[in-house]
Amino acid sequence: MAKGVVLVVDDEAPIRDILSFYLKRADYQVLIAGNGAEALEEMGRLRPDLIISDLRMPGMAGDELCKHVKADPATQDIYFIILSAMDGTASRVGGLALGADDMIPKPFHAQEVLAKVDSSFRLIGMQKEIRRQNRELTLFQEKVQEEMELAAALQMGLLPKLPGEAPGARYTHRYLPASGIGGDIYDVLPLPDGGTAIMIADVSGHGVSAALISAMVKTSFENQVRLGGEPLSWARGMNEDLCRSTLAEQFATAWLARLDPGEDSIRYVAAGHCAPLRIVSGARGGLHRSEVLRGTGFMLGLDPGLPFTESRAECQPGDRLVLYTDGMVEVEREDHDMLGEAGLRRLCAELPADADAAADELVSRIRAFNAPSPFVDDVTLVILDRLED
Numbered sequence: 343m344a345k346g347v348v349l350v351v352d353d354e355a356p357i358r359d360i361l362s363f364y365l366k367r368a369d370y371q372v373l374i375a376g377n378g379a380e381a382l383e384e385m386g387r388l389r390p391d392l393i394i395s396d397l398r399m400p401g402m403a404g405d406e407l408c409k410h411v412k413a414d415p416a417t418q419d420i421y422f423i424i425l426s427a428m429d430g431t432a433s434r435v436g437g438l439a440l441g442a443d444d445m446i447p448k449p450f451h452a453q454e455v456l457a458k459v460d461s462s463f464r465l466i467g468m469q470k471e472i473r474r475q476n477r478e479l480t481l482f483q484e485k486v487q488e489e490m491e492l493a494a495a496l497q498m499g500l501l502p503k504l505p506g507e508a509p510g511a512r513y514t515h516r517y518l519p520a521s522g523i524g525g526d527i528y529d530v531l532p533l534p535d536g537g538t539a540i541m542i543a544d545v546s547g548h549g550v551s552a553a554l555i556s557a558m559v560k561t562s563f564e565n566q567v568r569l570g571g572e573p574l575s576w577a578r579g580m581n582e583d584l585c586r587s588t589l590a591e592q593f594a595t596a597w598l599a600r601l602d603p604g605e606d607s608i609r610y611v612a613a614g615h616c617a618p619l620r621i622v623s624g625a626r627g628g629l630h631r632s633e634v635l636r637g638t639g640f641m642l643g644l645d646p647g648l649p650f651t652e653s654r655a656e657c658q659p660g661d662r663l664v665l666y667t668d669g670m671v672e673v674e675r676e677d678h679d680m681l682g683e684a685g686l687r688r689l690c691a692e693l694p695a696d697a698d699a700a701a702d703e704l705v706s707r708i709r710a711f712n713a714p715s716p717f718v719d720d721v722t723l724v725i726l727d728r729l730e731d
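Using this note's numbering, read the sequence shown as starting at 343 and increasing by one per residue.
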């Protein structure tokens, strides 16, 4: 089997014959041409791996042939060696400036040419291997991208459908993963007694693994809600589920709540998560004060025996709840000043009455605060408005 295909281009037949003889004896397949035009015809029948061409020839000279080969994307990777009677550094630099990969001065020794060819084919082999690996890498990256896009679509399918309504409430969300797929999740579920179960969570890490655990968090929350009970029992059950199903270094922060319209109150458990805001009469739009629904509790998934505490807050018709993940308050200005909870409260002080318009306005204000940088963490915002009778 031939080591490779070499095209010898020279207007002198004896030179073609000598090079052809040595190359064939070294197990190369040899094509011959008397000038550049004939070389292109030969290349149309069989693509060579390497071209050895005289510089000065009638018709199409070697420099024109080199320019033609290197300008064509289909042939630009062919290794090109120029034979030139003009010796010296200036000649060599000029030949390489044409796009040639190497030069051999005339007169030459056949063994020198053969050594150059052998060396060139070792380089050609490495280049082919690099191109093969690059093609495989490109295909792998494309497949990963396809799977990431599919995973992102599936994750979006886990979020409640919008527009969202629950007993006595209306809600919307804005989900902005930092890398196409993230670890934030939320859920709103109607309860048999007319209440509403609410959950927002943020899983440690990013990417596919975080998205997988976020799906587990949502499933666990739904299972706990079906079992009945209150936010305190939901937190305990979800913590046990995650401790059984995740690695030691994986955890989730969460805020779990039960909205009781009949009592105009909300009971909640803060499991290491950002404290939501209650904007008094915020669903009516305009300027209103806010309060922070603080709570103390450990993150989910660290230890099955960790304690949690349930808190209660007022939530009247017309009030607005703003739930979010830490990516929203950890954005920084160019001077490294972080938005923080206080900054978020300032941005939420006056928002439109419509929940969707309020969500868009709030995200726009946070982007402006963070400009020109993109979000570096997953950002999830949920706005839930208590409906008035």
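The beta carbon of each residue, even a glycine, is placed where N, CA and C say it ideally should be.
Between the region 535-546 and the region 715-726, the count of C-beta pairs closer than 8 Å reaches three or more; the two stretches touch. Within the same chain, and ignoring the five residues on either side of alanine 577 in sequence, the residues whose Cβ sits closer than 6 Å to its Cβ are Leu598, Val611, Ala613, Phe650. In the same chain as arginine 516, and ignoring 5 residues on each side of it, the C-beta atoms closer than 6 Å to its own belong to Ala701, Val705, Leu723, in chain order.
Collapsing the DSSP output to three states places alanine 543 in a strand. Cα atoms of glycine 404 and glutamine 469: separation of roughly 24 Å, rounded to the nearest angstrom. For glutamate 354, there is no enclosing alpha helix (DSSP H), as DSSP marks it with neither H nor E.
For alanine 427, there is no enclosing beta strand (DSSP E), as DSSP marks it with neither H nor E.
Secondary structure at histidine 515: strand, using DSSP grouped into helix, strand and coil. The region 672-683 makes no contact with the region 640-655: fewer than 3 CB pairs, one atom from each, lie closer than 8 Å. When Leu392, Gly536, Met641 are compared, the shortest CA-CA separation from glutamate 605 is found for Gly536.
According to DSSP, residue pairing for tyrosine 370 in a beta bridge does not occur.
For serine 632, the enclosing beta strand (DSSP E) begins and ends at 632-634.
The region 456-469 and the region 386-399 touch, with no fewer than 3 CB-CB distances between them shorter than 8 Å. Considering only Glu454, Gln453, Arg398, the residue with the shortest C-alpha distance to alanine 427 is Arg398. A residue is called buried once 16 or more other Cβ atoms fall within 10 Å of its Cβ, and threonine 638, having fewer, is exposed.
Between the alpha carbons of leucine 500 and glutamate 591 lies a gap of roughly 24 Å. For the set Asn377, Val530, Ala713, the Cα lying nearest the Cα of isoleucine 357 is the one of Asn377. Excluding five sequence positions before and after valine 351, the CB atoms of its chain that fall closer than 6 Å to its own CB belong to Ala375, Ala381, Ser395, given in chain order. Short of 7 Å from the beta carbon of glutamate 703, and not among the five residues preceding or following it, lie these beta carbons of its own chain, in chain order: Leu693, Pro694.
When C-beta atoms of the region 502-511 are compared with those of the region 525-534, three or more pairs fall below 8 Å, so the two segments count as touching. If you draw a straight line from the Cα of glycine 579 to the Cα of phenylalanine 593, it comes to about 14 Å. Per DSSP, alanine 508 is one residue of the beta strand (DSSP E) stretching across 506-508.
The residues Thr595, Ala596, Trp597, in chain order, have a CB closer than 6 Å to that of histidine 615 in the same chain once the five nearest residues on each side in sequence are set aside. Between lysine 412 and phenylalanine 422 a beta carbon distance of about 7 Å is seen, short of the 8 Å cut, so the two are scored as contacting. In the DSSP annotation of this structure, the continuous segment of the alpha helix (DSSP H) that includes valine 455 starts and ends at 452-500. Judged by DSSP in its simplified three-state form, aspartate 727 adopts strand. Here leucine 554 carries a helix assignment [DSSP, helix/strand/coil]. Around the Cβ of asparagine 565, a 10 Å sphere holds fewer than 16 other Cβ atoms; the residue is exposed. In this structure, the alpha-carbon of glycine 401 lies about 16 Å from that of glutamate 384.
Between isoleucine 446 and leucine 425 a beta carbon distance of about 5 Å is seen, short of the 8 Å cut, so the two are scored as contacting. Taking the C-beta atoms as reference points, leucine 601 is found no nearer than 8 Å to cysteine 690. The beta carbon of aspartate 369 sits closer than 7 Å to the beta carbons of Ala344, Lys345 from its chain, once the five residues preceding and following it are set aside; these are given in chain order. Taken through DSSP and simplified to helix, strand or coil, leucine 569 comes out as coil.
Here arginine 687 is near serine 632, since their CB atoms are less than 8 Å apart. For isoleucine 360, the closest of Ala452, Pro509, Ala494, Gln475 by C-alpha to C-alpha distance is Ala452. Distance from the Cα of serine 551 is smallest, within the candidate group Leu589, Glu484, Gly624, for Leu589.
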